[in-house]
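As structure tokens, the structure follows; a few thoughts come after it.
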Amino acid sequence: MTPAEVAERHRKRARVALDLGRYDAAEREARAALGAAPTDADSLVLLTRARLGAGRYEPAWESVQAAVRAAPDRGYCHYLAGFTLQCMGRYEEALSHLDQALKYEPDYARYQVRRALSLVEVARPQEATAAIDRALALDPNDGVVLEMSARVLGTLKDYDRAEALTRELIKHEPDSAAGFGRLAWLLTERRRFPEAAEAAREAIRLDPNHYAAWANLGYAALELHLYREAESASREALRIRPGLQSAMTNLVVALRERGALDEAAQLLAQCRARDASNRSFEKQLSEVQLAIATRDRVRLFDRVAVTAVAAAVTVAVSLYDGRAGIAVGVIALVATLIAWRVGRSKPAPPPALDP
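Straight run, no breaks: the sequence shown in our numbering ends on number 399.
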């Protein structure tokens with residue numbers, strides 16, 4: 045086989061692996077293709093997509109820059125560069141690549157809607173809305189365009205239009221995990237938690253690795269006081285995307301509501317150790333530690349109260365005979381229980397954690 049044929053064989057395998065979500069296998073095949081054709085733009089694109097799928101953004105940025113150098117007049121390479129920069133939170137830089145992509149393919153709706161995301165993140169809402177309108181005019185039935193448009197409009201708090209577009213996406217693609225995941229987020233933003241939970245469950249049924257759907261289910265379940273489901277959903281989100289802050293916060297709240305304060309404190313201490321610059325973890329840990337201190341004070345007072353009750357009854361019965369002793373014992377018991385109740389109510393409750 046010629047080097048070109050070898051490269052094509054590995055590219056085909058990489059595409060299949062990407063479709064199956066097997067990103068490590070896709071990266072291996074893309075690397076093998078590059079071994080046969082080191083500057084092939086298609087192989088570099090596949091390598092970038094595999095790294096993006098695995099959440100490895102810095103390596104993806106390296107390979108996509110090589111793809112742009114290999115094919116500087118190819119719109120998709122610039123689009124993928126913009127997408128990668130957005131994944132890294134570099135929205136302003138992403139705009140230049142997305143503008144280049146549109147220079148070569150001005151009527152491609154997905155480039156327009158991806159550009160709109162950068163525009164809204166750099167506080168240019170009117171231009172973002174115009175880009176959305178342009179994308180929808182170019183391709184009103186494309187699932188990616190509908191989902192991304194809903195995302196941008198939701199960020200702009202145009203919830204009615206965002207929800208309408210999301211439901212349009214689901215109508216066209218009833219098996220779209222992205223559609224149900226986006227709907228779950230929008231309904232959560234609108235505080236329609238029962239509907240949000242149902243949408244998140246459907247997204248998870250369609251894609252069990254949809255970490256955002258798991259995180260949104262955890263939040264909705266918290267608001268519905270379904271603390272066990274909130275805990276399990278948050279743990280699943282963290283399994284798929286370790287360190288996801290929203291899921292970690294949801295998990296801490298669920299554990300706290302279930303009384304598992306020590307585990308919540310341990311989790312937050314681990315998070316703080318991994319990311320000392322994140323003040324949110326420090327604040328939550330302080331609040332949980334306050335709750336633990338309050339719990340321990342209550343437990344101590346409970347033990348003291350029980351001991352006092354036993355002592356009061358013993359003394360009363362020993363000092364008085366018959367009915368008088370019983371009556372004094374009952375009075376002592378009631379008085380001690382009243383003091384115990386008052387004592388339990390004294391410590392101020394810790395502030396609630398905002399999920």
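Idealized CB from N, CA, C, for every residue including glycine.
Just so we're clear, the structure is a prediction, and the values are computed from it rather than from any experiment.
- Pairing S162 with I176 gives a Cβ-Cβ distance that is not under 8 Å.
- Pairing G187 with E217 gives a Cβ-Cβ distance under 8 Å.
- Selection T199, R234, A48 evaluated against A160 yields T199 as nearest (Cα-Cα).
- Selection T293, L250, P238, R72 evaluated against E267 yields P238 as nearest (Cα-Cα).
- Here the alpha carbons of A244 and A228 stand approximately 5 Å from one another.
- From the listed residues P169, A241, Y67, S220, the smallest Cα separation to G99 is found for Y67.
- Cβ-Cβ separation between T92 and A104: approximately 5 Å, consistent with a contact (criterion under 8 Å).
- When rounded, the separation of the alpha-carbon atoms in G287 and W258 is 14 Å.
- R205 is positioned such that its CB atom lies no closer than 8 Å to that of R226.
- Non-local beta-carbon contacts of A69 in its own chain, meaning distances under 7 Å to residues more than five positions away in sequence, involve A61 in chain order.
- When the five nearest sequence neighbours on each side are left out, the beta carbons in the same chain lying within less than 6 Å of the beta carbon of R300 are those of A308, in order along the chain.
- Contact annotation, A114 with A85: C-beta distance approximately 4 Å; criterion of less than 8 Å satisfied.
- Cα atoms of L261 and M45: separation of roughly 51 Å, rounded to the nearest angstrom.
- As the crow flies, the alpha-carbon of H122 is around 14 Å from that of E136.
- Distance between T293 and Q314, taken at the CA atoms: about 13 Å.
- Approximately 19 Å separates the beta-carbon atoms of L182 and T210; this is outside 8 Å, ruling out the contact.
- Counting only residues of its own chain and dropping the five nearest sequence neighbours on each side, N253 has a CB closer than 6 Å to the CB of I284.
- Our two residues, R57 and E73, have alpha carbons roughly 6 Å apart in a direct line.
- Counting C-beta atoms within 10 angstroms of its own C-beta, A337 has fewer than 16 neighbours from the protein chains shown and is therefore classed as exposed.
- In the three-state DSSP reduction, R234 falls in the coil class, being neither helix nor strand.
- Secondary structure note for K56: its alpha helix (DSSP H) is the uninterrupted segment 47-63.
- Taking the Cβ atoms as the reference, A335 lies roughly 5 Å from L305, within the contact range of under 8 Å.
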